[in-house]
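Numbering (full-length UniProt numbering), first residue to last: 1 to 248.
Pasting the structure below:
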């Protein structure tokens, strides 16, 4: 499956080394920049960040939306779009949309003794380059990140490039992968807002045995005040679109 292919049916054993279709809100026309050499440094952690993503055992008290393996902070004006596997009905990811930007988040099981992000990042980089795109590592507030630009065909026939920012965080027996697209890639205020959101996430790994890179199960949000359903057309012409709710 292409790195940014349209929403397709995926099994619950989704692989974090392949990127699902986080819909980009921003496309740039022109030739891609050359790949940069990998950077392993970490940028200073900004004052706008909390100490997360948190393991459930260490998370401070806060009003969050319970999605099973993830708990998401409540933010005014945020749309919550749940990705659902068309075959099994399993929830495979959450997309958090605010003001022209989108953040897709998923949590995966990881070994006790080592993290996954270094290996996952390398596999993603290889996949992007094979598809004619560019993948650049850079230091970020959560550690080394991957900035990608994948070629796409625009409606006017010209070639454009779909950018995305991949963030990986290794936790105790879990790994969070976040994909940021849209306005937040270039707008500093939006960037800080989504970084803060990531730092407030909670991962509920559970104690059951899981294979490394196995998707930690999610479920649709339950009924709660301020969480209102929004009707939307299907994004996949072959199946149902994502469940969408708006907070605030």
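C-beta atoms are modelled at their ideal positions from N, C-alpha and C, and glycine is treated no differently.
Bear in mind that the values here come from a model prediction, so they are computed numbers and not experimental data.
Looking at the structure shown, is residue 198 part of a helix, part of a strand, or coil, going by DSSP?
helix
- Item | Backbone secondary structure at residue 112 - three-state DSSP | coil
- prompt: Applying the criterion that 16 or more other CB atoms from any shown protein chain within 10 Å of the CB defines a buried residue, is residue 220 buried or exposed?
  reply: exposed
Residue 229 in three-state terms, based on DSSP: In this predicted model, residue 229 has a pLDDT of only 38, less than 50, meaning its place in the structure is not dependable enough to derive any value.
Would you say residue 70 and residue 94 are within 8 Å of each other, going by their C-beta atoms?
-> yes
Notebook entry, point to check: From 213, 74 and 142, pick the residue whose C-alpha is nearest to that of residue 47; which is it?
Noted result: 142
Comparing C-alpha positions only, which one of 68, 103 and 132 sits nearest to residue 161?
132
task = Assign residue 129 to one of three DSSP states: helix, strand, or coil.
result = helix
| request: Output the boundary residues of the beta strand (DSSP E) element that contains residue 175. | output: 174-182
**Prompt:** Nearest to residue 78 by CA position, among 86, 216 and 97, is which residue?
**Reply:** 97
Measure how close the beta-carbons of residue 205 and residue 173 come, nearest whole angstrom, since I'm counting them as under 8 Å. 5 Å
Exercise. Please name the residue in 159, 214, 201 and 145 whose C-alpha comes closest to that of residue 274.
Key: Since the first residue shown for the chain is 1 and the last is 248, residue 274 is missing from the structure and cannot be characterised.
**Prompt:** Going by alpha carbons, who is nearest to residue 105 out of 211, 203 and 209?
**Reply:** 203
Checklist line | Cβ shell of residue 191 (< 6 Å), same chain only, five flanking positions each side left out | finding: 184
Quiz prompt | C-beta contact flag for residue 136 and residue 167 at 8 Å | solution = no
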